[in-house]
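Residue numbers (my numbering): 8 to 536. Quick reminder that beta carbons are idealized off the backbone N, C-alpha and C, glycines included. Here is the structure we will look at, set down as structure tokens.
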Ligand code: NOJ
């Protein structure tokens, strides 16, 4: 367990919970300087995680259960241990131009991973900017590394590099994958003259990461990124043409929301929508506006996406606790409701493993920290299959990280047998999403203005609908921890409650069927008559 065979073993859980597929973060041979995102061989399995046969078995089992398999493709950088880089730094003519080399530091670009220093006064850490250029003694030149110094950036302007990646994709497509999650794909497009970045006028010193002090418009998200992704989409098309089975890419591009539009390529490539994982004011107005703005920019026929969490961000429950100053218990209620909102919006919702259990960040003892660059270990704690020190994640005495803390919600096994657990709720939500026609691809999105009397979004109550010709659902959520009453544009007195975020009834005013009262953080999805 904790390896590919372990995934295969747990696919019944993935299927029973109601997910349609999964994405596996890098399992390739890697010195593991960045959680496997520093790859030293793109076409093999690291022995720690198994073998190519284990991989094939995982794909076969997943497909037999109707689950799609996506794997991480990391095109912007390899490990400095990759043979390409070893040849490149040795100036081997075939590989010399595989990476981005300059004799002098050409610009002010900064790496994403800052330098951490202990602050003697507070005992905490301070982050200092790290240049994106590292001197390489062997080649006697500077090489670009947008992340850590052990992850040199590949030179995507070199057609040979692009060919290598097309072949890597083919290697895994031949083994049956349904597509790729493409890591920081906006970074493969860089200004050809490597121009300096302008300062960010909105940067507040000490907030965010040091790199946020720059606007970062030349080191990433340059239009050539989209040209190169189109080439990747063409590789998917080759396979789709063979058997008609769709293959897709979900692109990781941390770009301004308006730029998402560039990263939908037909129905083969879609960008992750990260708006809900970024720090933002916790109120209905802000979320409602973002969802509606987002909806308006999705091209016709393209697939919208929603992300609730991932291995890079603090756990959803922790983010809500920080934003609402509430206890884990209350934050977990809000997390359920937010999941209902995202799961009933049009599109695909990505759930980070464990969020379906209401997972919180784990406390990681200093000696167990793996991610020396960004310390993202707390959100990477392992699945708590059952109680015990390793949570049944491994048969070893200790796992690579501790399991997700049990807290009040105990293990998966315990949640499976408790009808009001977070997991039980997720199962109901996913099953509703899969079975109700208004929530299917055919169900159009109906914005707030159809339901709510005010002309601006309500501060605390978010509302939207989905409809086909046959029926209509309305999702409503109270972002406040206090109870709230709202008067809608329509009578909903005789509607059918499909699911409530807190297993509580939706209170409709006895005399005014257009007025609804929601408990603190409550959400509901109803079917109107
Ligand atoms: C995004 C991945 O999600 C993150 O974990 C990684 O550190 C960076 N890309 C660099 O590959």
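Which one of the options has the shortest CA to CA distance from residue i?
i	options	result
residue 198	474, 394, 265 and 226	226
residue 374	281, 124 and 407	407
residue 361	425, 433 and 262	433
residue 272	103, 308, 263 and 245	308
residue 481	517, 465, 503 and 39	503
residue 14	68, 38 and 291	68
residue 390	403, 411, 370 and 402	411
residue 186	243, 19 and 519	243
residue 462	476, 496 and 55	496
residue 452	311, 132 and 180	311
residue 444	11, 456, 423 and 475	475
With C-beta atoms as the reference, is residue i less than 9 Å away from residue j?
i	j	result
residue 509	residue 486	no
residue 428	residue 345	no
residue 119	residue 154	yes
residue 26	residue 315	no
residue 287	residue 330	yes
residue 190	residue 83	yes
residue 524	residue 492	yes
residue 149	residue 113	yes
residue 157	residue 88	yes
residue 341	residue 351	no
residue 195	residue 232	yes
residue 267	residue 317	no
Could you give the DSSP three-state label for residue i: helix, strand or coil?
i	result
residue 312	strand
residue 352	coil
residue 14	helix
residue 522	strand
residue 191	coil
residue 444	helix
residue 135	strand
residue 452	strand
residue 258	strand
residue 386	helix
residue 140	strand
residue 75	strand
residue 24	helix
residue 175	helix
residue 499	coil
residue 66	helix
For chain C, find out if any of its Cβ atoms is closer than 9 Å to the Cβ of residue i; answer yes or no.
i	result
residue 381	The structure shown contains no chain C, having only a single protein chain.
Using the rule of at least 16 other Cβ atoms within 10 Å of the residue's Cβ for burial, across every protein chain shown, is residue i buried or exposed?
i	result
residue 63	exposed
residue 214	exposed
residue 212	exposed
residue 458	buried
residue 255	buried
residue 530	buried
residue 160	buried
residue 343	buried
residue 425	exposed
residue 45	buried
residue 494	exposed
residue 526	buried
residue 116	buried
residue 473	buried
- Task: Could you say if the region 136-146 and the region 70-79 meet the contact criterion of at least three C-beta pairs nearer than 8 Å?
- Result: No, they do not touch.
- Item | Validate contact between the region 367-386 and the region 445-459 using beta carbons, cut 8 Å, 3 pairs | By the C-beta criterion, the region 367-386 is judged not to be in contact with the region 445-459, since fewer than 3 inter-stretch pairs fall below 8 Å.
- Task: Say whether the region 463-476 touches the region 284-300, bearing in mind that this needs 3 or more beta-carbon pairs closer than 8 Å, one atom from each stretch.
- Result: A contact exists between the region 463-476 and the region 284-300.
- Pairing CB atoms from the region 94-102 with CB atoms from the region 37-53, are three or more of them under 8 Å? No, they do not touch.
- Item | Exercise answer, beta-carbon shell around the ligand HEM heavy atoms below 5 Å | With respect to small molecules bound, the structure shown includes the ligand NOJ and not the ligand HEM.
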